[in-house]
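Under the numbering used here, the first residue of the sequence shown is numbered 1, with each subsequent residue one higher.
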Amino acid sequence: GGKNKEADGGVMVTTMPVIQQDIMDSITLKAPLEGTDTIEVVSNLHYKVTQIYVKEGDQVTKGQVLAVLDSKAMQDEIQSAKEALDLAESQYKDSIKNDQIAYDKAMDDLKNAEKQLERTKVLYEAGGVSKEQVEQDTQAYENAKRTVSLYEVDANGNVSGSAYNRQNIEAARNALERKKEALEDGEIKSNIDGTVTRVNIKEGRFADETDDKKPMFVIENLDQLQMKVNVSEYDIARVQVGQKVVISADILDGDTVEGVVSRISPTGEESTTGTERVIPTVIDVTGSNDKLIAGINAKAEIQIKESKDTLTVPIEALVDNGDGQKQVYKVNDNGIVQAINVTTGVENDLNIEISGEGLANNDQVILSPQGITDGMKVTVMGAM
1 GGKNKEADGG
11 VMVTTMPVIQ
21 QDIMDSITLK
31 APLEGTDTIE
41 VVSNLHYKVT
51 QIYVKEGDQV
61 TKGQVLAVLD
71 SKAMQDEIQS
81 AKEALDLAES
91 QYKDSIKNDQ
101 IAYDKAMDDL
111 KNAEKQLERT
121 KVLYEAGGVS
131 KEQVEQDTQA
141 YENAKRTVSL
151 YEVDANGNVS
161 GSAYNRQNIE
171 AARNALERKK
181 EALEDGEIKS
191 NIDGTVTRVN
201 IKEGRFADET
211 DDKKPMFVIE
221 NLDQLQMKVN
231 VSEYDIARVQ
241 VGQKVVISAD
251 ILDGDTVEGV
261 VSRISPTGEE
271 STTGTERVIP
281 TVIDVTGSND
291 KLIAGINAKA
301 EIQIKESKDT
311 LTVPIEALVD
321 NGDGQKQVYK
331 VNDNGIVQAI
341 NVTTGVENDL
351 NIEISGEGLA
361 NNDQVILSPQ
371 GITDGMKVTV
381 MGAM
C-alpha cells in the first residue's frame with residue numbers, strides 16, 4: 001500500500017478476508033500415463049515376416065501369436081538338417097557293418113596264426129623247422145593280435161562305432177534341434193496379457209530389420225496405469241510412498257481419478273530443464289475412468305498434508321517481523337489496524353493456515369502490508 005493520504009486520513013490498503021476452509025499442501029507434476037507392464041517383442045532371426053495378425057490397439061493374451069516368419073525357408077532348412085542327420089547315421093551304420101566284417105576276419109586270422117605258431121613250436125622241438133620259422137610265425141601272431149586290438153568290441157564280440165562318427169551324429173542332431181527351435185521362434189508370441197501399442201514391422205520385411213531398429217511389437221498392460229514423474233530435490237523430502245494423488249487430464253473433462261505414490265527412486269538424476277536434480281517417482285492410478293488411456297498427458301497432484309476447516313489467509317498477508325514471529329494486520333470496522341501474532345500451518349501456492357488470538361472467519365487482513373503499523377488508520381480500497 002502507498003502512503004496516499006485521503007481527506008478522511010488513512011493509507012489506502014487492499015484487504016482480503018480470512019477464510020475458514022480446507023487447505024491442502026500439494027505438489028503438482030505433469031507426465032504421460034503409461035502401462036505398468038511393458039514388453040518389447042523382438043526377433044533376431046533373419047527370415048521374412050509372412051503374416052502379422054495384430055494391429056496397434058488390439059488386446060492380446062499371453063502366448064498369443066502376433067506374427068509368423070517365412071516357415072517355408074525354415075522347413076527347407078529343417079529338411080536339409082534331417083538329411084544331414086540321416087546321412088551321418090547311415091554312414092555310422094555302414095561303418096559298423098564294415099568294421100564288424102573286418103573284425104570277424106581279424107579274429108579268424110588271429111586263431112589261425114595262433115594254431116600255426118603252436119604247430120611250428122612243436123616241429124621246432126622235434127628239430128623239423130628252423131628258429132627263423134618260429135620267429136616268423138611268432139611275428140605273424142603278434143601282428144594278428146595287434147590288428148584285433150584296433151577294434152572296440154563288447155563282451156559278445158559286437159563292434160562299437162568310432163567316436164568320431166558318433167560325434168558327427170551328435171552334431172547333426174543338435175543342428176536339427178536348433179532348426180526346429182527356430183521354427184518355434186518363427187511364431188512371434190506375446191508373453192503378457194495386454195494391448196499392442198506399437199507395431200514397427202511390415203509383412204515382407206526381415207524380422208531383424210524393423211523400423212529404426214525398434215522392437216517388432218510393444219505390448220503394455222493398460223488395465224493398470226501409472227505415471228512416472230520427476231520430483232525436484234527441493235520437494236522430495238515432503239513426498240512419501242502411500243501419499244494420495246489426485247490425477248486430472250483434459251480428456252476427463254474436469255473429473256479426477258485417485259492415485260497413490262508407489263515408488264520413489266533411491267537416486268536422483270540431472271533435470272533435463274534446470275540445474276537442480278530430480279528424483280524419479282512412480283504414481284499408480286488406483287481409481288478408474290474409461291476415458292483414461294495410456295499415452296495421454298496428465299497432471300498429478302501429490303497431496304502432502306491437509307488441514308480441514310481451518311483459518312487461512314493469502315501468503316501475501318503474512319509478515320515476518322524479524323524475530324521469527326509472524327503477524328497479520330487486521331483492519332477493524334473503524335479502519336484501525338490491529339497487528340496479530342499468528343502461528344502458521346499447512347501452506348500451498350496461494351494460501352497459508354494460520355491461528356492467532358482475535359482472528360475469525362471473514363476478518364479483513366491487509367495484503368502486502370509494507371509500512372503498516374499497529375493502531376494506524378487506513379482506508380480500504382474497494383473492499384474485496
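Positions of the beta carbon are idealized from the N, C-alpha and C atoms, including for glycine.
What residue from T138, G254, K82 has the CA that sits closest to A408's CA?
Look at the range of the chain in this structure, 1 to 384, and you will see that residue 408 is not part of it.
Of all the beta strand (DSSP E) runs that stay within the bounds of the region 37-94, which reach a length of 3 or more residues?
Entirely contained in the region 37-94, the beta strand (DSSP E) runs reaching 3 residues are, in chain order, 49-52, 65-69.
So which of I96, S43, K121 has the shortest CA-CA distance to D154?
The residue with the shortest Cα to Cα distance from D154 is I96.
Within 10 angstroms of its Cβ, does G324 collect 16 or more other Cβ (buried), or is it exposed?
It is exposed - the Cβ of G324 has fewer than 16 other Cβ atoms within 10 Å.
Indicate the three-state DSSP secondary structure (helix, strand or coil) for N174 in the structure shown.
Residue state, collapsed to three classes: helix.
With a Cβ-Cβ cutoff of 7 Å, do N200 and D211 count as a contact?
Taking 7 Å as the Cβ cut-off, N200 and D211 qualify as a contacting pair.
Pull up the CB-CB distance for D25 and I304, whole angstroms please, since I reckon it's below 8 Å.
Yes, D25 and I304 are in contact; Cβ-Cβ is about 4 Å, under 8 Å.
Let's see if you can read the secondary structure: which residues bound the alpha helix (DSSP H) around N143?
That run of the alpha helix (DSSP H) goes 131-149.
Roughly how many angstroms lie between the CA atoms of A31 and A298, to the nearest whole one?
C-alpha separation (whole angstroms): 6 Å.
Which of helix, strand or coil does DSSP assign to M381?
Correct three-state label for M381: coil.
Measuring CB to CB, does V337 end up less than 7 Å from V328?
Cβ distance not < 7 Å, so V337 and V328 don't count as in contact.
On a Cα-Cα basis, can you pick out the residue from V260, Q224, K48, I296 that is closest to D250?
Closest by alpha carbon: I296.
Taking the alpha-carbon of T275 as reference, which of L150, S232, Q240 has the nearest alpha-carbon?
Of the listed residues, the one whose Cα sits closest to T275 is S232.
Would you identify the three-state DSSP class for L110, choosing helix, strand or coil?
Helix at L110.
CB-CB under 8 Å to S389, same chain, minus the five flanking residues each way: which ones, in chain order?
Missing from the structure shown is residue 389; the chain here goes from 1 to 384 and no further.
Closest to N334 by CA distance: which of V380, G322, E301 is it?
The option with the nearest alpha carbon to N334 is V380.
Using the DSSP secondary-structure output, state which residues sit across from A300 in a beta bridge.
A300 is bridged to L29, I247.
Using three-state DSSP, classify E276 as helix, strand or coil.
E276: coil per DSSP, three-state reduction.
In this structure, how does DSSP classify N165 when only helix, strand and coil are distinguished?
DSSP places N165 in helix when its eight states are reduced to three.
Buried or exposed for K62, please, with buried defined as at least 16 other CB atoms from any protein chain shown within 10 angstroms of its CB.
Classification for K62: exposed.
For M227 versus I283, is the C-beta spacing smaller than 7 Å?
Yes, these two residues count as a Cβ contact at 7 Å.
My assumption, with CB atoms under 8 Å, is that E34 sits in contact with E269. Please give the rounded CB distance.
Not really, about 18 Å apart at Cβ, beyond 8 Å.
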